[in-house]
Amino acid sequence: MSEILSQSEIDALIAALTTGEIKAEEIKKEANEKKIKVYDFKKPNKFSKEQLNTLHLIHENFSRQLITFFSTQLRTLVQINASSVDQMPYSEFISSIPNPSIIGIVDFQPLRGAIIIAMNVSMAFSIIDRLLGGSGEYKDKPREPTEIEANILHRVYSKLVKLMQEAWQDILEIHPVFDKLETNPQFVQLVSPNEAVALITINTRIGKTDGLINICIPYIVIEPVMSRLSTKIWLSNSKKESPESFIKTITRKLENVNAEIRAEIGKAKITVREFLDLDVGDVIQLDKHINSEVDVYVYDKLKYKGIMGKRNGRFAVRINKVISERDEANG
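See the structure below:
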């Protein structure tokens, strides 16, 4: 049905025709022109906007789980967020990945086919360095991981796959399995080059290292469940956790975090000459008596006072006092 003009619009049109601002031939020509919508057959749009928005919501949830996982494992500042979701041909995605990269192939069971979780080399080696007790900074040239490094990444990816299963549970019960690791994107041919894929880009900052985690989901893999990629379904199935349950979950996760504790028996100041002249059998006098309380630090923060002793043949510290923030402020 053609659009119906209001009386004021009709009056304005007649006035424009009378004054010559608009010519009748122009109106007739415009009415006869067919509206053509551009469609690129090389880049088919198989995902609707709502489906892309739902994928974005799923991977925002996945990003929050990644923050908890990496913060616990790497013990450093982690910032992760799902920045964008786009659709493109598979060939365009593969050509955008540098060589080498860390490319994980994940069998997306029970659906038929696989997806890709790819991260840049600097991010992957930063994670490895933190897991092995380093600073987490990687400034060398991109290279392929060694066999030991590949085994570490295999464990990291296996955990990421479990987190992805939790992120998708409101849409579909999936059981993804990490298949293998690749470094050359040209060797990863999951689908035909023109097959449409959804690309989820996750901005990641671990410590001082910035990088990207790209998740590629081919349309042909999730085609059987495309009808479930609805914001309404996702919101209706999402479980609303009570504050008490949320607190218990966070507490349980924090209880498993490793913390560095050290007991400081005492301190001493000596000159460089005295330090250079030290020999076996020399005694360094500390600033505390043998029966004085020792300071117990959690990382670099004083938290307890204790007494040195032995337990089961080993040196031990018995906690006598917990240092509160008020005690610290009073010195």
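The sequence shown begins at 372 in my numbering and counts up by one. Using N, Cα and C, we set each Cβ at its ideal position, and we do this for glycine too. Everything numeric in this text was worked out from a predicted model, so none of it was measured.
Residue range of the unbroken beta strand (DSSP E) whose run includes residue i
i: residue 600; result: Where residue 600 is concerned, there is no enclosing beta strand (DSSP E), given that its DSSP letter is neither H nor E.
i: residue 658; result: Unbroken run through residue 658: none, as it is neither H nor E.
i: residue 633; result: 632-635
Presumed contact (8 Å Cβ cut-off) between residue i and residue j, rounded CB distance
i: residue 528; j: residue 488; result: 7 Å
i: residue 445; j: residue 501; result: 4 Å
i: residue 484; j: residue 571; result: With a Cβ gap of about 16 Å, residue 484 and residue 571 do not count as contacting.
i: residue 434; j: residue 451; result: 5 Å
Where residue i falls: helix, strand or coil (DSSP)
i: residue 470; result: coil
i: residue 453; result: strand
i: residue 540; result: coil
i: residue 478; result: strand
i: residue 465; result: helix
i: residue 665; result: strand
i: residue 383; result: helix
i: residue 639; result: coil
Residue i versus residue j: straight-line alpha-carbon distance, rounded
i: residue 550; j: residue 490; result: 16 Å
i: residue 373; j: residue 575; result: Since pLDDT at residue 373 reaches only 48, below the 50 mark, its modelled position is unreliable, and no value is offered.
i: residue 418; j: residue 568; result: 9 Å
i: residue 670; j: residue 694; result: 14 Å
i: residue 663; j: residue 687; result: 15 Å
i: residue 509; j: residue 660; result: 45 Å
i: residue 429; j: residue 679; result: 52 Å
i: residue 565; j: residue 460; result: 5 Å
i: residue 455; j: residue 618; result: 30 Å
i: residue 675; j: residue 682; result: 19 Å
i: residue 432; j: residue 514; result: 31 Å
i: residue 458; j: residue 630; result: 43 Å
i: residue 711; j: residue 573; result: Since the first residue shown for the chain is 372 and the last is 702, residue 711 is missing from the structure and cannot be characterised.
i: residue 511; j: residue 672; result: 34 Å
i: residue 628; j: residue 443; result: 6 Å
i: residue 692; j: residue 677; result: 7 Å
Contact with chain C by residue i, beta-carbon distance below 8 Å
i: residue 597; result: No chain C is part of this structure, which consists of one protein chain only.
Bounding residues of the alpha helix (DSSP H) (the contiguous stretch that carries residue i)
i: residue 433; result: 420-445
i: residue 498; result: 492-502
i: residue 647; result: 643-647
Minimum length 3: unbroken beta strand (DSSP E) runs contained in the segment 667-698: DSSP runs (the beta strand (DSSP E)) wholly in the segment 667-698: 672-682, 685-693.
Any alpha helix (DSSP H) of 4 or more consecutive residues that is wholly inside the segment 524-602: As far as the segment 524-602 is concerned, its whole alpha helix (DSSP H) runs of at least 4 residues are 590-593.
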